[in-house]
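The next block holds one structure in the form of structure tokens; read it before the comments.
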Amino acid sequence: MLSSARPAYHAPARTLRRRVAASLCASSLLAAGITAIGTPVATAQSSQVFGSIADITPESAVQLGTSPKPLPPHANSTVDSGLPVAAPTADQLTPGTVHAEVPLDPSVGLPAAATQQRFAYTTIDQHGQAATSTAAIFLPEGPAPEGGFPVLAWAHGTTGLGTQCAPSINPRSERDSQYLSHWLNQGYAIVASDYAGLGSPGLHSYLNGKVTGANVIDSVIAAQNLPDGTQLSRQWSVIGQSQGGGAALHVALQATERSQAAGLDFRGTVATGAPAYIEEIVLAGGPTFPPVPLPEGLTVYALYILGAFREARPDIDIDSVLTDEGKQMVATAEQSCYGQLAQSMDGVNLARAFNKPLRSLPGLEQALRDYMQTPTRGYDRPVFLGHGITDIDVPSPIGIILNSEMWLNQFVGGNRNNRVEVHWYPTDHGGTVMRSTVDSTPFMRSLFV
5 MLSSARPAYH APARTLRRRV AASLCASSLL AAGITAIGTP VATAQSSQVF GSIADITPES
65 AVQLGTSPKP LPPHANSTVD SGLPVAAPTA DQLTPGTVHA EVPLDPSVGL PAAATQQRFA
125 YTTIDQHGQA ATSTAAIFLP EGPAPEGGFP VLAWAHGTTG LGTQCAPSIN PRSERDSQYL
185 SHWLNQGYAI VASDYAGLGS PGLHSYLNGK VTGANVIDSV IAAQNLPDGT QLSRQWSVIG
245 QSQGGGAALH VALQATERSQ AAGLDFRGTV ATGAPAYIEE IVLAGGPTFP PVPLPEGLTV
305 YALYILGAFR EARPDIDIDS VLTDEGKQMV ATAEQSCYGQ LAQSMDGVNL ARAFNKPLRS
365 LPGLEQALRD YMQTPTRGYD RPVFLGHGIT DIDVPSPIGI ILNSEMWLNQ FVGGNRNNRV
425 EVHWYPTDHG GTVMRSTVDS TPFMRSLFV
């Protein structure tokens with residue numbers, strides 16, 4: 005789940021072989037968990053298979069790796085563009101309400117944008133309460149066409165849990181800047197939510213698809229109420245990568261109903277590197293799982309999930325199955341951005357965090373599924389799915405399962421999907437983003453005719 009705003013991080017050369025081996029282990033574990041069931045659908049049986057791996061692994065065989073390293077400082081000096089950000093007031097409780105807007109500082113903007121603004125708006129949080137999120141809006145060069153610029157909502161990838169990790173207060177990565185500029189040059193306006201808790205009060209509810217999806221939809225509704233909103237079409241689509249690819253799928257499930265009430269017309273989805281079934285691996289976490297250190301990215305994602313889920317569901321006593329070291333790891337995750345935590349967790353086995361299996365907690369399994377599971381049917385607008393064959397951040401077996409199931413659900417069962425296009429690329433996780441534009445550009449164009 006490559007970050008959209010994280011600084012470049014390169015592991016020492018001596019770790020590369022270990023990382024590849026660990027990634028292959030992760031992919032093998034996932035593939036074993038799914039294929040052992042005899043069905044392409046990952047269900048509760050999947051976590052039982054992973055749990056069985058944990059059960060038969062003696063603690064003496066677990067390679068715990070190194071202890072976490074001290075958290076390095078955040079790589080960027082954040083720039084808030086002077087936007088005031090506070091919790092919604094009594095007259096700002098309706099989702100999509102704009103609180104304030106300011107010009108976006110060019111140092112955290114897109115060079116291809118004709119105008120760019122940062123704004124704060126009302127959405128909902130993981131507790132069902134009105135919350136504040138921030139976002140940026142970018143308009144392309146030239147006059148708006150009749151009916152306004154078609155709108156793309158950008159759902160960003162993993163940046164972290166700390167409030168300082170918000171994309172609109174950090175320089176965009178070269179990849180994301182190039183990708184978003186591509187769409188601007190095609191004549192689309194872009195609305196880019198930070199998600200509630202990033203750059204705004206509260207903890208970001210990481211991989212909570214329903215909440216993040218609502219944050220994105222509400223940013224599009226709010227954008228219509230900005231001064232620049234007069235240049236926007238009522239038609240919109242969503243694009244997302246990695247964490248944002250999963251968020252984009254959750255946007256697609258809610259968007260027609262949620263945005264129609266605001267007079268908007270949702271057209272479809274482009275999702276690349278979308279995560280799914282991650283809960284099956286997380287559920288198996290314990291003193292003997294994983295048996296070896298995984299790539300630090302997967303460890304980072306798991307810690308972000310534990311921290312965000314713990315805050316969202318205080319009725320599930322996550323701390324009771326964590327070691328003292330594990331509690332510190334989760335606390336550190338809640339304050340960190342991706343690049344910081346990846347360096348800290350390089351070579352660390354997540355098994356160090358647990359004193360008992362996570363799945364031993366009553367009610368945990370269903371609660372975690374409700375929190376983060378990605379549905380594979382019920383998409384009423386076209387969906388484009390892109391994944392890299394050599395992806396080790398969201399290992400390709402995950403993409404194979406998710407993409408195949410969503411494609412099949414166009415034709416079988418109830419609540420069938422609209423058109424689903426699946427595209428594979430000879431790329432890694434981040435490389436898929438730009439490589440996919442050769443196919444996603446005509447796909448997107450077809451949605452607005």
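Counting with the numbering used here, you get residues 5 to 453 for the letters of the sequence shown. We put the beta carbon where it would ideally sit given N, CA and C, even for glycine. Computed from a predicted structure; not experimentally measured.
Could you compute how far the alpha carbon of residue i sits from the alpha carbon of residue j?
i: Thr127; j: Cys169; result: 19 Å
i: Ile38; j: Asn413; result: Because Ile38 carries a pLDDT of 44, less than 50, the predicted location of this residue cannot be relied on, and no value is offered for it.
i: Gly161; j: Ser209; result: 13 Å
i: His14; j: Leu298; result: Residue placement at His14 is poorly supported in this model, since its pLDDT is 38, which falls under 50; the coordinates are not used for a value here.
i: Gly244; j: Gly289; result: 28 Å
i: Ala2; j: Ala306; result: In the structure displayed, the chain extends from 5 to 453; residue 2 sits before or after that span and is not available.
i: Val220; j: Tyr199; result: 7 Å
i: Gln377; j: Gly213; result: 8 Å
i: Ala227; j: Val195; result: 7 Å
i: Leu365; j: Leu326; result: 11 Å
i: Tyr281; j: Leu253; result: 14 Å
i: Pro446; j: Gly249; result: 19 Å
i: Met448; j: Gly272; result: 8 Å
i: Trp240; j: Ile225; result: 10 Å
i: Tyr125; j: Asp59; result: 47 Å
i: Ser444; j: Ser185; result: 14 Å
i: Ser400; j: Gln96; result: 43 Å
i: Val242; j: Pro154; result: 11 Å
i: Ile402; j: Gly301; result: 15 Å
i: Ser450; j: Leu188; result: 17 Å
i: Glu283; j: Glu150; result: 45 Å
i: Gln370; j: Ile320; result: 11 Å
i: Pro430; j: His391; result: 9 Å
i: Gln328; j: Gly417; result: What sits at residue 328 in the sequence shown is Asp, not Gln. Roughly 47 Å separates the two Cα atoms.
i: Gly62; j: Ala335; result: Contrary to the premise, residue 62 reads as Pro rather than Gly in this sequence. Approximately 28 Å between the Cα atoms of the pair.
i: Trp411; j: Val296; result: 34 Å
i: Met333; j: Pro72; result: 8 Å
i: Ala46; j: Thr380; result: Here Ala46 scores only 46 on pLDDT, less than 50, and its place in the model should not be relied on; the value that follows carries that caveat. Taking the straight line from one Cα to the other gives about 11 Å.
i: Val102; j: Phe123; result: 7 Å
i: Ser197; j: Gly367; result: 32 Å
i: Gln258; j: Gln339; result: 30 Å
i: Ala316; j: Leu211; result: 11 Å
i: Asp232; j: Gly330; result: 47 Å
i: Val442; j: Pro318; result: 45 Å
i: Gly201; j: Ser440; result: 30 Å
i: Ile285; j: Ser64; result: 21 Å
i: Val424; j: Ala134; result: 33 Å
i: Ala268; j: Ser81; result: Per the sequence presented here, residue 268 reads as Leu, with Ala not at that position. In a straight line, the C-alpha of Leu268 is about 37 Å away from that of Ser81.
i: Thr163; j: Ser181; result: 15 Å
i: Pro291; j: Ala104; result: 48 Å
So residue i packs on residue j, CB below 8 Å; how close in whole Å?
i: Phe388; j: Val274; result: 4 Å
i: Val437; j: Thr276; result: 6 Å
i: Ile57; j: Phe293; result: 6 Å
i: Ile141; j: Leu87; result: That pair is no contact at about 12 Å.
i: Ser324; j: Pro279; result: About 27 Å; that fails the 8 Å criterion.
i: Ile396; j: Trp428; result: That belief does not hold up - the Cβ atoms of Ile396 and Trp428 are roughly 15 Å apart, past 8 Å.
i: Ser487; j: Pro74; result: The structure shown does not extend to residue 487, since the chain is modelled only from 5 through 453, so no value can be given for it.
Looking at residue j and residue i, is the spacing between their C-beta atoms short of 8 Å?
i: Tyr308; j: Ala337; result: yes
i: Ala256; j: Thr216; result: no
i: Thr98; j: Gly351; result: no
i: Val89; j: Gly203; result: yes
i: Arg461; j: Leu287; result: Because residue 461 is not part of the residues shown, which for the chain are 5 to 453, the question remains open.
i: Thr136; j: Pro171; result: no
i: Ser85; j: Ala139; result: no
i: Cys341; j: Gly166; result: yes
i: Asn353; j: Gly382; result: no
i: Ala159; j: Gly343; result: no
i: Tyr375; j: Phe452; result: no
i: Gly206; j: Asp129; result: yes
i: Asn422; j: Arg373; result: no
i: Val66; j: Ser111; result: no
i: Gly434; j: Arg262; result: no
i: Ala355; j: Leu68; result: yes
Tell me, please, whether the region 100 to 120 touches the region 128 to 146 by the rule of three or more beta-carbon pairs shorter than 8 Å. By the C-beta criterion, the region 100 to 120 is judged to be in contact with the region 128 to 146, since at least 3 inter-stretch pairs fall below 8 Å.
Report the start-end ranges of each beta strand (DSSP E) in the region 80 to 137 that is 3 residues or longer and not cut off at the edges. Listed in chain order, the complete beta strand (DSSP E) runs (minimum 3 residues) inside the region 80 to 137 are 102 to 107 and 119 to 128.
Which complete alpha helix (DSSP H) runs does the region 294 to 330 hold, if anything under 4 residues is left out? Counting only runs of 4 or more, we get 300 to 316.
Check whether the region 357 to 365 and the region 402 to 410 are in contact - that is, three or more C-beta pairs closer than 8 Å. No, they do not touch.
Length at least 4, wholly inside the region 230 to 283: the alpha helix (DSSP H) runs in chain order: With a minimum length of 4 residues, the continuous alpha helix (DSSP H) runs that stay inside the region 230 to 283 are 247 to 264.
Can at least three beta-carbon pairs, one atom from the region 174 to 181 and one from the region 226 to 244, be found at a separation below 8 Å? Contact between the region 174 to 181 and the region 226 to 244 is absent, because fewer than three Cβ pairs lie under 8 Å.
Extract the residue ranges of the alpha helix (DSSP H) inside the region 394 to 423, only unbroken runs of 4 or more that lie entirely within it. Along the region 394 to 423, the alpha helix (DSSP H) occurs as fully enclosed runs of 4 or more residues at 400 to 412, listed in sequence order.
List in chain order: all unbroken beta strand (DSSP E) runs of 3+ residues lying wholly within the region 178 to 211. When DSSP assignments are scanned along the region 178 to 211, the uninterrupted stretches of beta strand (DSSP E) that are 3 or more residues long and fall wholly within it turn out to be 193 to 197.
Output the residue ranges of the alpha helix (DSSP H) runs that lie fully inside the region 327 to 386 and measure 4 residues or longer, sorted by chain position. For the region 327 to 386, whole alpha helix (DSSP H) runs of length 4 or above, ordered along the chain, are 328 to 337, 342 to 349 and 368 to 376.
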